[in-house]
Amino acid sequence: MTSRREAQRDALITTAETIISQKGLGALRARDLATEVGCAVGAIYTYVEDLDELVLRVGVRTLSRLGEALQATTAETLDASPREQLTAIALTYADFAAGNVNLWRALFEFRLSAHQQLPEWSAGAQTSLFTYLDAPLKTLLPDLSDEDRQLLARTLFSAVHGVVALGLEDRHVAVPRAALHAQIRMLVAALAVGLPEVRQGG
Numbered sequence: 001m002t003s004r005r006e007a008q009r010d011a012l013i014t015t016a017e018t019i020i021s022q023k024g025l026g027a028l029r030a031r032d033l034a035t036e037v038g039c040a041v042g043a044i045y046t047y048v049e050d051l052d053e054l055v056l057r058v059g060v061r062t063l064s065r066l067g068e069a070l071q072a073t074t075a076e077t078l079d080a081s082p083r084e085q086l087t088a089i090a091l092t093y094a095d096f097a098a099g100n101v102n103l104w105r106a107l108f109e110f111r112l113s114a115h116q117q118l119p120e121w122s123a124g125a126q127t128s129l130f131t132y133l134d135a136p137l138k139t140l141l142p143d144l145s146d147e148d149r150q151l152l153a154r155t156l157f158s159a160v161h162g163v164v165a166l167g168l169e170d171r172h173v174a175v176p177r178a179a180l181h182a183q184i185r186m187l188v189a190a191l192a193v194g195l196p197e198v199r200q201g202g
């Protein structure tokens, strides 16, 4: 791809990112996007295969920024206990979600069209986030196999994500936003304390 075409595609992705950020994933339409960019609708598909790819490209940008936030947190907590590290990572995730609600929601609301598979470049961006849980979990549970540790990382993410997702949607049964940090701290602490005991007992 030439530098000019790459710049045009980046502009298209940036415009889609802005629309999703301001109005939500449901507001992304090819005709509106073309109007914002200043091109014909058909021109969009010279830079991306379809709108699915465009949404995934926006998602990769979102995940990249989340990764930068998690990397900074990891660097700041190198000397902390595994419990403190896991708590800091969970709180960083919650804060990122709260500060980027529509882009964050789009990561989980989006579904590929039927019979399409998630491209490697998108799948890799998603799974790379679990690596930030690896070091504290390895310290916490040194005898756990790599496979089991990766599975546990996904489970812990799912637990925290569920609390955050319901809290940010202000559902009646959800943890109120004002109490979200405190409850996440309690959840992660309970998991960090209990996991070694469960492991030893199991």
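At position 34 of the sequence shown the residue is numbered 34 (full-length UniProt numbering), and the sequence of numbers has no breaks. Backbone N, C-alpha and C define an ideal beta-carbon position, used for all residues, glycine too.
Which same chain residues end up closer than 6 angstroms to V164 when comparing Cβ atoms and leaving out the 5 residues on each side of it in sequence? Within the sequence shown, residue 164 is the residue found at index 164, counting from 1. Closer than 6 angstroms at Cβ, skipping near neighbours: A94, A97.
In the DSSP assignment, the alpha helix (DSSP H) including S3 goes from what residue to what residue? Indexing the sequence shown from 1 puts residue 3 at position 3. Unbroken alpha helix (DSSP H) run through S3: 3-23.
Residues of its chain near D52, where Cβ-Cβ distance is below 7 angstroms and the 5 sequence neighbours each way are ignored: Against the sequence shown, residue 52 aligns to sequence position 52. L112, S113, Q116, listed in sequence order.
Using 8 angstroms as the threshold, is the stretch 14-21 in touch with the stretch 48-67, meaning 3 or more CB pairs across them? Output reads yes: the stretch 48-67 touches the stretch 14-21.
Secondary structure, alpha helix (DSSP H): runs of 4+ residues fully inside the stretch 105-186: Fully enclosed alpha helix (DSSP H) runs of 4 or longer: 120-127, 134-140, 146-168.
Consult DSSP for N100 and reduce its assignment to one of helix, strand or coil. The sequence position of residue 100 within the sequence shown is 100, counting from 1. The answer is coil: DSSP assigns N100 none of H, G, I, E or B.
C-alpha distance - H161 paired with A182, whole-angstrom precision: Counting from one through the sequence shown, the residue named residue 161 turns up at place 161. Counting from one through the sequence shown, the residue named residue 182 turns up at place 182. The C-alpha of H161 lies about 15 angstroms from the C-alpha of A182.
At the 8 angstroms Cβ level, is A114 part of the contact set with chain C, yes or no? In the displayed structure, chain C is absent; only one protein chain is listed.
Tell me the rounded alpha-carbon separation between L70 and A30. In the sequence shown, counting from the first residue as 1, residue 70 sits at position 70. In the sequence shown, counting from the first residue as 1, residue 30 sits at position 30. L70 and A30: Cα-Cα distance of roughly 33 angstroms.
Tell me which residue opens and which closes the alpha helix (DSSP H) that D32 is part of. The residue labelled residue 32 in the question sits at position 32 within the sequence shown. Per DSSP, the unbroken alpha helix (DSSP H) holding D32 starts and ends at 30-37.
Reducing DSSP to helix, strand and coil, say where residue 247 ends up. Look at the range of the chain in this structure, 1 to 202, and you will see that residue 247 is not part of it.
What is the rounded straight-line gap between the Cα of S3 and the Cα of A75? One-based indexing of the sequence shown puts residue 3 at position 3. One-based indexing of the sequence shown puts residue 75 at position 75. Taking the straight line joining both Cα atoms gives about 34 angstroms.
Count the other C-beta atoms from every protein chain shown that fall within 10 angstroms of the C-beta of R5, then say buried if there are 16 or more, exposed otherwise. Locating residue 5 in the sequence shown gives position 5, counting from the first residue. R5 should be labelled exposed.
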